[in-house]
Amino acid sequence: MKSVVITGASTGIGETAAKYLVAQGFKVYGSVRKPEDGARLKQEIGGNFEPLIFDVTDEAAIKLAAEKVRADLNGRTLDGLVNNAGIAVPGPFLETSLDKWRKQFETNVVGLVAATQAFAPLLGADLSLKGEPGRIVMISSVAGKRGNPFAGPYSASKHAVEGLSEALRREMMLFGIDVIVIGPGPIRTPIWGKGAAPDFSKLGNSPYAKPLEAAYHFMQNLGKNGLPPEDVARLIHHALTGANVKTRYTITPGWFTRAIFNLLPVRMSDRIVARRLKIERLRP
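Numbering (the working numbering), first residue to last: 404 to 687.
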């Protein structure tokens, strides 16, 4: 039976991937921060799901989880690691506190590195283990290839994921461990459309008032029309098991429009984004 560790398995892509991979015959170790989430998933998914209780910002807890998986594997290699855990810190670049920037990078970048360092030996970097080397799947984003206004910290963190994945892939050639990046676009999840919209009137005369409101509604629309997370789960399965896999996959609705957009001159793209988000020059 193939085995895989998925970080951030309590909701969204991580939860869907855990359920899908178990259905495909995998033993899935899924990280969750709350024991009650682990118990829920164990009940829903069954005996081939094993919760690992850790936050990716807790290095000691990650190492303990890796030791648990090592013991379960009993001298065999792990077949896959899916680095999925992450958060998104929104807001204007100039007004987002440094603490929030640090939180974004501690989770999406340093946490990913910590998980990779802990589980890579089990994938085959520990030469004493028996079995074929495993694969690492990095869940990035379309934001890893472009900078989105009012999502600077998130975009920056995903650009970091893209760069470190390329470096890691080349280093891991030593052990036969492949590294595959998946960059999803908007994904349809229950969170879209829930709750009341923010009260943008509280922004008063802030220069960011109109653009932030436009960005909020734009993202709401993208989410409601996003891909089902099952599509990403199937791609994760392919990345873990397919022959001659690519180094990177983009999966997003409206791919043709996005492809054309990427061919435009950068300044023209800037103007299109500014018009869409009502970013109007305030100084003459």
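Every residue, glycine too, gets a C-beta built ideally from N, C-alpha and C.
Quick caveat: nothing in here was measured; it's all calculated off a predicted structure.
For residue i, which residues of its own chain have a beta-carbon under 6 Å away from its beta-carbon, when the five flanking residues on both sides are left out?
i, result
"Arg678", "none"
"Ser406", "Lys430, Leu481 and Asp482"
"Leu515", "Asn486"
"Asp673", "none"
"Leu685", "Pro610"
"Asp458", "Arg436"
Using C-beta distances below 7 Å, list every residue in its chain close to residue i, excluding the 5 sequence neighbours before and after it, in chain order.
i, result
"Trp595", "Caution applies to Trp595, whose pLDDT of 47 falls short of 50 and renders its modelled position unreliable; the model cannot decide the point."
"Ser560", "Gln507, Phe508, Asn511 and Val512"
"Gly550", "Ser558"
"Gly598", "With a pLDDT of 48 at Gly598, under the threshold of 50, the modelled position of this residue cannot be trusted; read the value that follows with caution. Taken in chain order, the list of residues that qualify is empty."
Starting from residue i and walking both ways along the beta strand (DSSP E), at which residues does that stretch end?
i, result
"Val408", "Ser406 to Ile409"
"Met423", "The residue asked about is misnamed: residue 423 is Tyr in this sequence, not Met. Here Tyr423 belongs to no beta strand (DSSP E); instead the alpha helix (DSSP H) covers Gly415 to Ala426."
"Phe452", "Phe452 to Ile456"
"Leu344", "Here the chain comprises residues numbered 404 to 687, so residue 344 is not present and cannot be evaluated."
"Arg538", "Arg538 to Ile542"
"Arg684", "Unbroken run through Arg684: none, as it is neither H nor E."
Would you kindly report the start and end of the unbroken alpha helix (DSSP H) that includes residue i?
i, result
"Arg573", "Gly555 to Glu574"
"Arg505", "Leu501 to Phe508"
"Pro587", "Not the alpha helix (DSSP H): Pro587 falls in the beta strand (DSSP E), residues Asp581 to Pro587."
"Val472", "Glu462 to Leu476"
"Lys627", "Ala612 to Lys627"
"Thr519", "Gly514 to Ala523"
"Val435", "No alpha helix (DSSP H) holds Val435; the beta strand (DSSP E) holding it covers Lys430 to Val435."
"Thr644", "Pro632 to Thr644"
"Arg678", "Val669 to Arg679"
Thinking just about the alpha-carbon of each residue, which of the options is nearest to the one in residue i?
i, options, result
"Gln427", "Ser609, Asn551, Leu497 and Ala636", "Ala636"
"Tyr432", "Pro454, Gln446, Glu418 and Ala517", "Pro454"
"Glu418", "Pro610, Pro552 and Asp634", "Asp634"
"Gly415", "Ser672, Pro632, Leu667 and Ala646", "Pro632"
"Gly450", "Phe621, Leu424 and Ala463", "Leu424"
"Gly411", "Ala442, Ile456 and Gln446", "Ile456"
"Tyr619", "Gly478, Leu680 and Leu567", "Leu680"
"Tyr652", "Phe664, Gly586, Val669 and Thr460", "Gly586"
"Arg443", "Thr460, Lys422, Ala463 and Asp461", "Lys422"
Given residue i, which residues of its chain have a CB within under 8 Å of its CB, disregarding the five upstream and five downstream residues?
i, result
"Pro687", "none"
"Lys503", "Val492, Gly494 and Pro556"
My guess is that residue i and residue j are in contact by the Cβ rule of under 8 Å, so how many angstroms apart are they, rounded?
i, j, result
"Phe522", "Val408", "6 Å"
Segment contact flag, the segment 526-534 with the segment 503-511, C-beta cutoff 8 Å, min 3 pairs
no
Tell me, please, whether the segment 579-593 touches the segment 530-548 by the rule of three or more beta-carbon pairs shorter than 8 Å.
yes
The segment 483-503 contacting the segment 465-472, beta-carbon criterion three pairs below 8 Å
no
Examine the Cβ distances between the segment 547-559 and the segment 489-501 and report whether three or more of them are shorter than 8 Å.
yes
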